[in-house]
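Written out below as structure tokens is the structure these notes cover.
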Amino acid sequence: MAGWMWLRCVLGPHLHRIHHPPDQSRLEGRAGRRGWSYQPRSLEKHTDSILGWASALWSLSYYSSPLLLCYLYRKGYICSTKLVPVSQYLGTVLVCLLGVACLRGYGRWKNSDYLQFVSILEETKKNHSPENKKKLRCYDFDFSFWPPDFSWTEVSNPKQSKAGVSLLKPEPRLRGTADSVLHSVRTLPCHVVSFLIAHSFGRRMLYPGSVGLLQKAMRPMLQQGQARLIEEFDGQRNKIVACDGNEIDTMFVDRRRDGGQTGQTLVICCEGNAGFYEVGCMNTPLEGGYSVLGWNHPGFGGSTGVPFPQNEANAMDVVIQYAIHKLGFQLSDIVVYAWSIGGFTASWAVMSYPEIQSLVLDASFDDLLPLALKVMPDSWRPLVQHTVRQYMNLNNADQLLKYQGPVLLIRRTRDEIITTTGPEDIMSNRGNDLLLKLLQFRYPKIMTDEGIRVVRQWLGASSPMEEASVYSGYEVDDDWCVSVLQSYQADRDVLFPWSVGEDMTLEGRRQLALFLARKYMRNFETTHCTPLPASEFHSPWRL
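Per numbering that gives the first Met the number 0, the very first residue in the sequence shown carries number 0; after that it's consecutive.
Written out as structure tokens, the structure is:
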């Protein structure tokens, strides 16, 4: 029995933190639930350091292997006479590292905290009872060892298959058969280069949070943020499995027991391209008293996989299924809140689940392509267009137009990331294009050339005072605008697009255009990465 437990310690995960003892009641005060970092004994600490360095050297060798092999080949080291002694050296090193791992296991075996943890982990793998899961959540350890809490296979969902959920695809150009074959042959090099770009530096540029080096640098901050969510807000960390096999790291804070109305609403948060739920936009609705479900992109934090659009949508889908079937929320009780690039998964969610209560997009954009063209050389334009459309088609606006519910757009007036020129040019903010596309689709008779012109004038205001001046300059009567829209809705009760404004004067259409623009978009006087205060998080406007 002792030998079996020692083997479990040898093969077990890293233990980072103990949130509270497993036998401690969760009903105690917050101060009583304060956790502490796991303290390895000296033998475990030093052997773990050796294995850590060995892992880092292996990673460095793996990524530099093409250059290393070329160098060894030129020097004549790749031959049978040279490889035999090298393999002997490597074998000796591996035996030594195995011995170090066994010593680390012995150090863990002598530590009562680790011994209790690994016993609970093994028991939970055998029996997924709520009591065992509750005990396991007392620990923060390598998430790859965490047993799954929910899988897409547990529900029958027509949107899912092993191939993944459906995405909006760019419309193909119509060509003749012969022309199409010839075109495919001519563009084959472009396809190959696009694939290589997307799967190498392109994906890492788009989602820098998936880079292991960045995650390693941020690990102390992420662990601290996770400890705060669990110990102060009684958060529940869970692993859910998407239809592509990716394991998604989630955090749920339940406020339904608090008795407030906001606690009955679940806010699902979609993070940015370097954001993690531990330190991301999840904190904004938390401060507002909402129940909150955060999740990490594939390849971020404890989530596995890579964050391509298909994987992102698959992850979002299983998160929604988890919220419905495991957490017990109705779609009408769910608000989707996204920051920056999270607008892609958020807009996909409301497109695919139109019963969702509402959508809040903060510092988001309409389409990735203009932003990608901004940072790449002009000579690469055709290649960038092909790469984005084929592999990274974040078409937020197209997806948003499929949703009929309430929407709120939050624009950062000094945004330096989603502008195509610079933060000083507020009209190059792609949030403007997202608003205009949404209004043009929903209210085409109002958003004629003149309607677009006055909304652009309002969007171009450099300060709240100038913005108010534009609004008052056109003498917008809010009460009249509301009555016109309510009258149209009562008479027809139709889906968007509406034909309201068809037989209206030019002055009336101007008023309605400005009124709707101010209802659908709010300005926040700051830069892209500043956390959104809870006071700026509002429910979208409803007629």
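The beta-carbon is built from N, C-alpha and C at its ideal position, and this holds for glycine as well.
**Report entry** DSSP state of GLY2 mapped onto helix, strand, coil
**Finding:** Along the sequence shown, read from residue 1 onward, the residue named residue 2 stands at position 3. Per DSSP, reduced to three states, the secondary structure at GLY2 is helical.
Query raised in the report: Going straight from the alpha carbon of GLY104 to that of ASP148, what length do you get?
Result: Working through the sequence shown from its first residue, we reach residue 104 at position 105. Working through the sequence shown from its first residue, we reach residue 148 at position 149. Approximately 28 Å between the Cα atoms of the pair.
Query raised in the report: Looking at the unbroken alpha helix (DSSP H) that takes in GLU415, where does it start and where does it end?
Result: Looking up residue 415 in the sequence shown gives position 416. Where GLU415 is concerned, there is no enclosing alpha helix (DSSP H), given that its DSSP letter is neither H nor E.
Requested in this report: Give the DSSP-derived three-state secondary structure of MET315 in the structure shown.
Outcome: Indexing the sequence shown from 1 puts residue 315 at position 316. Assignment of MET315 by DSSP, reduced to helix, strand and coil, places it in the helix class.
Requested in this report: Would you list the residues sitting across from TRP338 in a DSSP beta bridge?
Outcome: Within the sequence shown, numbered from 1, the residue matching residue 338 stands at position 339. Residue pairing by DSSP places TRP338 opposite ASP361 in a beta bridge.
Query - Backbone CA spacing between GLN456 and VAL469 [nearest angstrom] - result: For the purposes of this step, residue 456 is taken as the residue at position 457 of the sequence shown. For the purposes of this step, residue 469 is taken as the residue at position 470 of the sequence shown. Looking at the backbone, the Cα of GLN456 and that of VAL469 are separated by about 7 Å.
Query - Classification of HIS324 by the beta-carbon crowding that lies within 10 angstroms, buried from 16 upward - result: Residue mapping note: residue 324 aligns to position 325 of the sequence shown, counting from 1. Here HIS324 is exposed, its C-beta having fewer than 16 other C-beta atoms within 10 Å.
Query - Rounded straight-line distance, which links the Cα of ASN110 to that of TYR138 - result: As a working mapping, residue 138 is identified with position 139 in the sequence shown. As a working mapping, residue 110 is identified with position 111 in the sequence shown. Near 15 Å, if we compare the C-alpha coordinates of ASN110 and TYR138.
Report task. With a floor of 4 residues, list each alpha helix (DSSP H) that falls wholly inside the stretch 416–489, ordered by position along the chain. Result -> Here the runs fully enclosed are 429–441, 448–458, 463–472.
Query - For TYR138, the residue or residues it bridges with in DSSP - result: Here residue 138 is taken as the residue at index 139 of the sequence shown, counted from 1. Per the DSSP secondary-structure output, TYR138 pairs in a beta bridge with ILE17.
Query - Residue range of the unbroken alpha helix (DSSP H) whose run includes LYS518 - result: Working through the sequence shown from its first residue, we reach residue 518 at position 519. Following the DSSP letters along the chain, one finds LYS518 inside the alpha helix (DSSP H) bounded by residues 505–519.
Report task. Determine the extent of the alpha helix (DSSP H) in which ASP112 is found, giving its start and end residues. Result -> Within the sequence shown, residue 112 is the residue found at index 113, counting from 1. It spans 111–125 - the alpha helix (DSSP H) in which ASP112 sits, taken as one unbroken run.
**Report entry** Strand pairing of CYS95, partner residues [DSSP]
**Finding:** The residue given as residue 95 occupies position 96 in the sequence shown. DSSP output for CYS95 lists no bridge partner at all.
Query raised in the report: Between the stretch 335–343 and the stretch 387–395, do three or more beta carbon pairs fall short of 8 Å?
Result: Counting C-beta pairs with one atom in each stretch, the stretch 335–343 and the stretch 387–395 have three or more that are closer than 8 Å, which means they touch.
**Report entry** 9 Å Cβ cutoff met for LEU228 and VAL266
**Finding:** For the purposes of this step, residue 228 is taken as residue 229 along the sequence shown, with counting starting at 1. For the purposes of this step, residue 266 is taken as residue 267 along the sequence shown, with counting starting at 1. Remark: C-beta atoms of LEU228 and VAL266 do not approach each other more closely than 9 Å.
Report task. Could you please give me the residues that DSSP links to PHE251 through a beta bridge? Result -> As a first step, residue 251 must be located in the sequence shown, where it is residue number 252. Paired residues: GLN235, LEU292.
Requested in this report: Decide yes or no for the touch test of the stretch 190–198 against the stretch 244–261: beta carbon pairs closer than 8 Å, at least 3 of them.
Outcome: Short answer: they don't touch.
Query raised in the report: Using a C-beta cutoff of 9 Å, does CYS8 count as contacting chain B?
Result: The chain labelled as chain B is not found in the depicted structure, where only one protein chain is given.
Query - Beta-carbon proximity of GLY208 to GLY271, cut-off 9 Å - result: Residue 208 sits at position 209 when you count from the first residue of the sequence shown. Residue 271 sits at position 272 when you count from the first residue of the sequence shown. Yes.
**Report entry** Cα-Cα separation between VAL436 and ASP478, rounded to whole angstroms
**Finding:** Residue numbering aside, residue 436 sits at position 437 when the sequence shown is read from its first letter. Residue numbering aside, residue 478 sits at position 479 when the sequence shown is read from its first letter. Note on identity: in this sequence residue 436 is Lys, with Val being the wrong assignment. Their Cα atoms are separated by approximately 25 Å.
Requested in this report: Have a look at the DSSP bridge pairing and note the partners of LEU265.
Outcome: Taking the first residue of the sequence shown as position 1, residue 265 is located at position 266. BP columns for LEU265 point to SER290, ILE333.
**Report entry** Through-space distance from GLY98 to SER58, alpha-carbon basis
**Finding:** Start at 1 with the first residue of the sequence shown, and residue 58 comes out as number 59. Start at 1 with the first residue of the sequence shown, and residue 98 comes out as number 99. A straight line joining the alpha-carbon of SER58 with that of GLY98 spans about 21 Å.
**Report entry** Close beta carbons around ASP414, own chain, < 7 Å, minus the five adjacent residues each side
**Finding:** Along the sequence shown, read from residue 1 onward, the residue named residue 414 stands at position 415. Closer than 7 Å at the Cβ level, and outside the excluded window around ASP414, lie ALA362, PRO422, ASN428, THR526, HIS527.
Query raised in the report: For ALA533 versus PRO284, is the C-beta spacing smaller than 9 Å?
Result: For this step, residue 533 is matched to residue 534 along the sequence shown. For this step, residue 284 is matched to residue 285 along the sequence shown. One thing to note: ALA533 has its Cβ within 9 Å of the Cβ of PRO284.
Query raised in the report: Residues bridged to VAL406 by DSSP?
Result: Walking along the sequence shown from the start, residue 406 turns up at place 407. Beta-bridge analysis with DSSP links VAL406 to LEU358.
Requested in this report: Could you pull the start and end residues of the alpha helix (DSSP H) that LEU382 belongs to?
Outcome: For the purposes of this step, residue 382 is taken as the residue at position 383 of the sequence shown. First-last of the alpha helix (DSSP H) with LEU382: 380–390.
**Report entry** DSSP state of ARG25 mapped onto helix, strand, coil
**Finding:** What you label residue 25 is simply residue 26 of the sequence shown in a count that begins at 1. Summary for ARG25: the model assigns pLDDT 48, below 50, so the residue's position carries little reliability; its value from the coordinates is reported in the next sentence. Three-state result, ARG25: coil.
Query raised in the report: Would you call CYS480 buried or exposed, if buried means 16 or more other Cβ atoms sit within 10 Å of its Cβ?
Result: Translated into the one-based positions of the sequence shown, residue 480 becomes position 481. CYS480 comes out buried.
Query - Nonlocal neighbours in the same chain, by C-beta distance under 7 Å from ASN310, ignoring five residues either side - result: As a working mapping, residue 310 is identified with position 311 in the sequence shown. Counting only Cβ-Cβ distances below 7 Å, and skipping sequence neighbours, we find ASP243, ASN245, PRO297, GLY304.
Query raised in the report: Out of ALA216, LEU484, ARG521, TYR276, which has the shortest C-alpha to C-alpha gap to ASN237?
Result: If you number the sequence shown from 1, residue 237 lands on position 238. The shortest CA-to-CA distance from ASN237 to any of ALA216, LEU484, ARG521, TYR276 is the one to TYR276.
Query - GLY279 and PHE251 closer than 9 Å at C-beta - result: As a first step, residue 279 must be located in the sequence shown, where it is residue number 280. As a first step, residue 251 must be located in the sequence shown, where it is residue number 252. No; because the gap between Cβ atoms is not below 9 Å, this pair is not in contact.
Query raised in the report: Does the distance from the CB of ILE409 to the CB of LEU360 come in under 9 Å?
Result: Here residue 409 refers to the residue found at position 410 of the sequence shown. Here residue 360 refers to the residue found at position 361 of the sequence shown. Contact flag set, yes.
Query raised in the report: What's the gap between the Cα of SER128 and the Cα of LEU102?
Result: Position 129 of the sequence shown holds residue 128. Position 103 of the sequence shown holds residue 102. Approximately 33 Å between the Cα atoms of the pair.
Query raised in the report: Excluding the five sequence neighbours on either side, which residues of its own chain have a C-beta within less than 8 Å of the C-beta of ALA226, listed in chain order?
Result: As a first step, residue 226 must be located in the sequence shown, where it is residue number 227. Result list for ALA226: ARG16, HIS18, GLY34, ASP139, in chain order.
Query raised in the report: CA-CA distance, MET281 and ILE417?
Result: Position 282 of the sequence shown, counted from the start, is the residue given in the question as residue 281. Position 418 of the sequence shown, counted from the start, is the residue given in the question as residue 417. Near 21 Å, if we compare the C-alpha coordinates of ILE417 and MET281.
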